[in-house]
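S.K.:
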Amino acid sequence: MTAEVSTQYARVQRIGYGLSAGAAVSIVLILAPSNDAVRLAKVTPIAALVLLVVAVLGVLAARTGQAALYLAAGGLALVAAVLQLVQFGQDTNVIGGNGSTAALLAGFGIGFCGLWYAARPSRNSE
Numbered sequence: 075m076t077a078e079v080s081t082q083y084a085r086v087q088r089i090g091y092g093l094s095a096g097a098a099v100s101i102v103l104i105l106a107p108s109n110d111a112v113r114l115a116k117v118t119p120i121a122a123l124v125l126l127v128v129a130v131l132g133v134l135a136a137r138t139g140q141a142a143l144y145l146a147a148g149g150l151a152l153v154a155a156v157l158q159l160v161q162f163g164q165d166t167n168v169i170g171g172n173g174s175t176a177a178l179l180a181g182f183g184i185g186f187c188g189l190w191y192a193a194r195p196s197r198n199s200e
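Residues 75 to 200 in the working numbering are what the sequence shown lists, from first letter to last.
1) May I ask you to report which of helix, strand or coil DSSP gives R194?
2) If the criterion is Cβ atoms closer than 8 Å, does the pair L189 and G90 meet it?
3) Are L126 and I101 closer than 8 Å when you measure CB to CB?
4) In three-state terms, what does DSSP make of A30?
5) Would you decide whether A176 is buried or exposed? Buried here means 16 or more other CB atoms lie within 10 Å of its CB.
6) Exposed or buried, A155, counting other C-beta atoms within 10 Å across all chains shown (16 or more means buried)?
7) Counting C-beta neighbours from all protein chains within 10 Å, is the total for G173 16 or more, i.e. buried, or is it exposed?
8) Using three-state DSSP, classify Q164 as helix, strand or coil.
9) Return the chain-ordered list of same chain residues with a C-beta closer than 6 Å to the C-beta of A147, the five sequence neighbours on each side being excluded.
The following block contains the structure:
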């Protein structure tokens, strides 16, 4: 492994741990009071479970270096975000959040999918 590849792997790993920590810390938003002055994002128990799974997948990806786990974490978050957007304002809302929930999940989804793109092996490498 060359020094350049090793440095990029270390960067991706650090960012993976950071995104995972962000997803895990976002779970505490479930404890925020219901008034809009302090609630940054509406995190319901289902959204907290999704964030927990995304965080665990992100830590596993950073620890093992498997790019597919970044894709799994990002894909799960993006699917949950799209589901939240589609069901927002309807009687059936599985996640139970609002637009802020969708934005939070989409942000983590895009971040982890970007890490997957950065961490996957290059076809030009020897």
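Each residue gets a CB set at the ideal place from its N, CA and C atoms; glycine is no exception. Bear in mind that the values here come from a model prediction, so they are computed numbers and not experimental data.
M.R.: According to the structure data:
1) Under the three-state reduction of DSSP, R194 is assigned to coil, being neither helix nor strand.
2) Contact flag set, yes.
3) yes
4) For residue 30 there is no data in the structure shown, the boundaries of the chain being 75 and 200.
5) Flag for A176 reads buried.
6) buried
7) Under a 10 Å Cβ-count criterion, G173 is classified as exposed, with fewer than 16 other Cβ atoms of the shown protein chains found around its own Cβ.
8) coil
9) V128, L131, G132, F186
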